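What follows is one structure encoded as C-alpha cells, with my remarks underneath.
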Amino acid sequence: MLYGHFIEHFHRQIYGGIYDPGNPLSDKDGLRLDVIEAMRRIKIPVLRWPGGCYVSAAHWKDGVGTKRTAHFDKAWRVEEPNTFGTDEYIKFCRKVGCEPYICTNAGTGTAEEMSDWVEYCNLKTWGQWAKQRIQNGNAAPYNVKYWSIGNENYLDGEIGAKSAAEWGRLVTESAKMMKRVDPSIELSAAALADLDWNINLLKNCGDKLSWISLHGYWDGIWQTNDYGNYGACMVYTNTIDAQVKKVRGTLAALGLDHIRIAFDEWNLRGWHHPNVDKGLGPDDYLAPRDLNDENRRYTMADAVFTACFLNMLNRNCDIIGMANYAPVVNTRGCIFTHPEGIVLRSTFHVFEMYSTALGETVLDTFGEEVPLFSTQDKQGGNAETPALDLVTTLNKSGEVVIGAVNKDPGKTHTLRIDWRGSSLDAAPVGYSIHTLSGKSTESYNDIGHDQAIPEKPVESAYKAGDLISLAPHSVNLIRFINQKY
Ligand code: AHR
C-alpha cells in the first residue's frame, strides 16, 4: 500500500476529473473509463477520499440518497453539489480495484457523525444508516477497512482546528464509537512530526489506532506557484525522510510497535490555491487554481523526486505501511484529464515502473563512494547532494530488483554491485534496465507531446564487478537475471 493515492473535492479532481457524467469517455455511472484504466495500470492499492481540508466542514449525509443537498464548501469556498458521494466513491474504488480509505470530519464533525458513517458502510442491516444504504440500492455492506479521524486539525487554517489536548480527547471518543460499530476497522488520526501533538494523541488513544497519518509537500508554492527548479528540488531529497525519523522515534519511545505510519498525503509540489481566506470574488481565488493544471510544469524534477520518495518508503517499510500521492487526478496529480482524453504526466510512469516491477521484499543496502553534485536550494544557498538514491528488493521470482535514481542533472554515474553475502549463491548472469530520463531535466508530457516516457527495457549480460551506467536525471528499475533461460 506504499503506492496508494488520494483524491479530494478540490477544483477538477472529482467533477471533471474522475466523475464526468455526459462525457462519452464515461460509463453509465459517469465515471471516466480512461482514468479507471490508467489507475489500474499503476495498480493503485488504496484511494483516500474525500479530503483534505474539504472534509473538515463536510457532512457525508449530504452525499447519499436520491435527494442530494448541495452545500457551500467553506474550506475551498465553492458550492459542492454532493452528486459524488459515498456510494459513487465505493463504486469507483471497485472499478479501479483498490481499497477505499475514508477520512472523516473532525473539524465541525462529531464522534457520532463519524460512527454513523461506519454504520452506513459496514453494518449489514441494523440501525437507520445501514437501512439507508440498502434503501439507496446497496444491499451488501461495503466493509471499508481503513478510516482516518480528521485531516490536519493541528493547522490553524484547518476548519475546526484543535489543540493537542483537545485532539487526544476527540480522537479517543471518536475511535471508541467507530470501533463499537465495527471493531475490525483500522483507524488513523491526523498527526505530524510534533512531539506534543503526538504524545497527547498516542497517550490518549494509541491502543485504538493502527496508523498515524503524516503529510508532506516540499515545494511550498500554495500562494505563489513559483516552482522550484530541478536543482532546488534535488536539495529537498536530502531531508525527504525527516518526519519519518522523528515519528519512528516517538513510537519507539512510547512502545507503540503496533502503530504504523500512513504517509497519506505527499507530493513534491504544494497545491496552488491562493487567497482562500481573503479572495473577494471567484476570480481572486478560483481562477488561479487552473494554474495547477499546466502539464509542462511536471518535469523530470517531479519524476526523480517521486522515485526518491518511493525509495524512502520502501527503505522504511518496516514502519511505513501506506502512502497516498496527493492527488492522483488533476491539480498536481500523475494523471491529467481533458474532455477528449488524459495526459500521463512524468510521475505516472514512475508509479507504473515501481508498482509493476519493484520486489515485495526490501533488502538492506549499503553504499560506498556515492558521488556528490553541487546544486543550489530555492533560497540560492549552495548544497551538496548525493547523486544516487537506491532501494534493493527481491521479487517473487527470487530476482534482485533495484530502484536506482541518478539525481545528477549533468553526469552519468556507474553502479558496481558487491554480491558477497547476498542471498544468491552466485552473481546473476544478466540484467534488464528500464529507464525514465527524458531528453532533459525539463522534459514533460502534454497533449501530443510525450517527452518524459520510459525507454524500452534493455537486457545485458552481466558478471560480478561489472559497472552499470545510470543516465543523468534518471529513474531506473534494474532487474537481475539469475540464470539464462
Ligand atoms: O493543498 C491541499 C491541502 O494540503 C489538502 O486539502 C490538505 O490536506 C493539505 O494541507
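Sequential numbering of the sequence shown, starting at 646, is according to the numbering used here. Ideal Cβ placement from N, Cα and C applies to all residues, glycine included. All values derive from a computational prediction rather than experimental measurement.
- Look at W842 here: in three-state DSSP terms it is helix.
- Apart from sequence neighbours up to five positions away, the residues of its chain that approach P690 with a beta-carbon distance below 7 Å are M646, Y648, G649, C743, E744, ordered along the chain.
- Within the same chain, no Cβ atom closer than 6 Å to the Cβ of A1071 is found once the five residues on either side in sequence are excluded.
- DSSP lists no bridge partner for T714.
- The Cβ-Cβ distance between L678 and Y664 does not fall below 9 Å.
- Looking from the CA of M684, the closest CA among P786, Q1021, R739, L854 belongs to R739.
- Between the alpha carbons of T1038 and V1046 lies a gap of roughly 5 Å.
- Collapsing the DSSP output to three states places N940 in a helix.
- In the three-state reduction of the DSSP assignment, I681 falls in the helix class, which pools H, G and I.
- Taking C-alpha positions only, L989 is separated from N975 by approximately 10 Å.
- Non-local beta-carbon contacts of D841 in its own chain, meaning distances under 7 Å to residues more than five positions away in sequence, involve A809 in chain order.
- For the pair M998 and P1102, the Cα-to-Cα distance works out to about 11 Å.
- Annotation for T770: K776, I779 place their beta carbon closer than 8 Å to its own, counting only its chain and skipping 5 residues before and after.
- Around A1109, the same chain offers W1064, A1072 as residues with beta carbons nearer than 7 Å, after the five sequence neighbours per side are excluded.
- The C-alpha of N959 is placed about 13 Å away from the C-alpha of R905.
- Checking the 8 Å criterion, the Cβ of N783 is out of range of every heavy atom belonging to the ligand AHR.
- Measuring C-alpha to C-alpha distances from G876 to each of T944, W856, V889 identifies T944 as the nearest.
- The segment 784-801 makes contact with the segment 750-763: 3 or more CB pairs, one atom from each, lie closer than 8 Å.
- With the rule of 3 Cβ pairs closer than 8 Å, the segment 1018-1037 counts as touching the segment 949-966.
- Counting C-beta pairs closer than 8 Å gives fewer than three between the segment 920-937 and the segment 846-853, which falls short of the contact rule.
- With a threshold of 16 other beta carbon atoms within 10 Å, T1086 meets it and is buried.
- Relative to the ligand AHR, even the nearest heavy atom lies 8 Å or more away from the CB of E1044.
- By the C-beta criterion, the segment 823-830 is judged not to be in contact with the segment 712-731, since fewer than 3 inter-stretch pairs fall below 8 Å.
- Around the Cβ of V1015, a 10 Å sphere holds fewer than 16 other Cβ atoms; the residue is exposed.
- The C-beta of R657 has 16 or more other C-beta atoms within 10 Å across all chains shown, which makes the residue buried.
- Of the candidates N1090, I681, A720, R693, N1090 places its Cα closest to the Cα of D938.
- Residue side-chain check: F908 keeps its Cβ at 8 Å or more from all non-hydrogen atoms of the ligand AHR.
- When distances are taken from the beta-carbon of G697 to the heavy atoms of the ligand AHR, the shortest one is below 8 Å.
- Between I1123 and A1049, the C-beta spacing is below 9 Å.
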